[in-house]
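If you number the sequence shown the way this note's numbering does, the last residue is 315 and the count never jumps.
Worksheet: one structure, shown below.
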Amino acid sequence: MPKVAVIGAGTMGHGIAELFAIAGYEVALVDVAEDYLKRALQNVEWSLKKLAEKGQIKEDPSVVLSRVKPIVNDVCKAVEGAELMVEAVVEDIEVKRRVFAEADRCAPPEAILATNTSSLPITEISEAVRPERRSKVVGMHFFNPPVLMPLVEVIKGAYTSDETVKKIVEYASKLGKQTVIVNKDVPGFIVNRILARVNDAACWMVARKEATVQEVDSALMYKAGLPMGAFILLDYTGIDVACFIGDAMSKRGFKTHPCPLIVEKCQQKKFGVKTGEGFYKYPAPGKFQWP
Ligand code: 3HC
């Protein structure tokens, strides 16, 4: 069975692992603690059952789930024999670079090392691996929830080869995803760069008391036709993630005007669904329910 390694079992990581398992890969899923992996596998199981109920997967969910092998804190073991690694750890350049350096040491020479970073430059991450591997480092950016969102951005860093981009497009297609190739490794790539502006505009309107959170979200959902309003989406993807992205992008020259309401939520650790409160409240932290 072909093998991939997914590093980081959080919101994005477990969804990415699930997609590869559905596509028939053995998936080594790594996180730093057993508890995180246990929760990740429970989430994958829940999601697989949902997909099975709707006839969207043909195999029994337990068979798909058995292809996901949890590994505690051992990137080296996970990438052994893997043809692809997708890294989905926290948005911290140093943590990501450590994962890439370790994966480079242990993965087969032909393996591709991809990052699901939301905003950090692929080129900076590539420089953590030996020069001979850099052409195989690439961005493979999924959207939350990875299982349902149809798009994958494929981002080329300064060293990424066309062959690597082509292979990632093929992997994405096996997962049933559409791809957009991002040829310029610019802060936020395409989607997050635009979303950052939308979130800022929405947040400043509320900060200046020009509209309420509910009014902005209603206008975006019921008039502009978006599936989620800006504030619900911030809660859904995590306000902490928005703060990481804003920070990473502004450090790299993308001018932002940090909106005080978002900054405050981050300081208060009110990150949205995951903590039970963000711009809205969620009675069961970690479980999304429409407010
Ligand atoms: N796996 C399987 N099923 C799932 C699921 C998952 N992970 N998540 C939700 N579902 C199911 C729900 O349980 C529900 O099932 P039901 O019909 O049996 O009740 C069904 O999908 C529909 O869900 P909801 O009723 O909650 O509501 P929606 O119809 O609105 O669908 C949504 C949910 C697909 C998340 C939709 O609201 C949506 O598209 N929202 C926008 C998401 C988005 O824009 N994501 C990108 C964010 S940016 C990003 O990720 C970048 C990163 O770098 C930060």
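Cβ coordinates follow ideal geometry from the N, Cα and C atoms, glycine included.
* To do: On the DSSP bridge assignment, give the partners of Thr139 in chain order.
  => DSSP lists Glu111 and Gly163 as partners of Thr139.
* Asked: Heavy atom of the ligand SAH less than 8 angstroms from the Cβ of Asp98, yes or no?
  -> No copy of the ligand SAH occurs in the structure displayed; its ligands are the ligand 3HC alone.
* Beta bridge counterpart(s) of Ile205 as assigned by DSSP -> DSSP output for Ile205 lists Val178 as bridge partner(s).
* Asked: With burial defined as no fewer than 16 other Cβ atoms inside 10 Å of the residue's Cβ, what is the status of Tyr60: buried or exposed?
  -> It counts as buried.
* To do: May I ask you to report which of helix, strand or coil DSSP gives Pro94?
  => Reduced to three states, the DSSP call for Pro94 is strand.
* Is Thr139 closer than 9 angstroms to Val119 when the C-beta atoms are compared? -> Cβ atoms of Val119 and Thr139: not closer than 9 angstroms.
* Asked: Can you give, in chain order, each stretch of the beta strand (DSSP E) that sits fully within the segment 238 to 306 and has at least 3 residues?
  -> Here no run is fully enclosed.
* Asked: With DSSP run on the structure shown, which of helix, strand or coil describes Leu43?
  -> In the three-state reduction of the DSSP assignment, Leu43 falls in the helix class, which pools H, G and I.
* To do: Give every residue of the same chain whose Cβ lies closer than 6 angstroms to the Cβ of Gly105, excluding the five residues on either side of it in the sequence, and list them in chain order.
  => Taking Gly105 as the centre and dropping the five residues before and after it, the same chain places the C-beta of Lys27 closer than 6 angstroms to its C-beta, in chain order.
* Can you give the Cα-Cα distance for Ala41 and Lys233, rounded to whole angstroms? -> Approximately 42 angstroms between the Cα atoms of the pair.
* To do: Assign Leu172 to one of three DSSP states: helix, strand, or coil.
  => Leu172: coil per DSSP, three-state reduction.
* **Any non-hydrogen atom of the ligand 3HC closer than 8 angstroms to His281 Cβ** => No, the Cβ of His281 stays beyond 8 angstroms of every heavy atom of the ligand 3HC.
* Cβ distance (whole Å) where Val110 is taken to contact Met164 below 8 angstroms -> With 8 angstroms as the limit, Val110 and Met164 qualify as a contact, their Cβ atoms being about 6 angstroms apart.
* To do: Flag Leu43 as yes when its Cβ comes closer than 8 angstroms to any non-hydrogen atom of the ligand 3HC, and as no otherwise.
  => The answer is no for Leu43.
* Asked: In the DSSP assignment, what are the bridge partners of Leu53?
  -> Residue pairing by DSSP places Leu53 opposite Val30 and Pro94 in a beta bridge.
* Nonlocal neighbours in the same chain, by C-beta distance under 7 angstroms from Pro309, ignoring five residues either side -> Exclusion of the five residues before and after Pro309 leaves Lys298, Thr299 and Gly300 as the residues of its chain whose Cβ lies within less than 7 angstroms of its Cβ.
* For Ala102, which three-state DSSP category applies? -> Of the three classes helix, strand and coil, the one that applies to Ala102 here is helix, per DSSP.
* To do: Quick one: give me the first and last residue of the alpha helix (DSSP H) that Arg221 is part of.
  => Bounds of the alpha helix (DSSP H) holding Arg221 are Val215 to Ala231.
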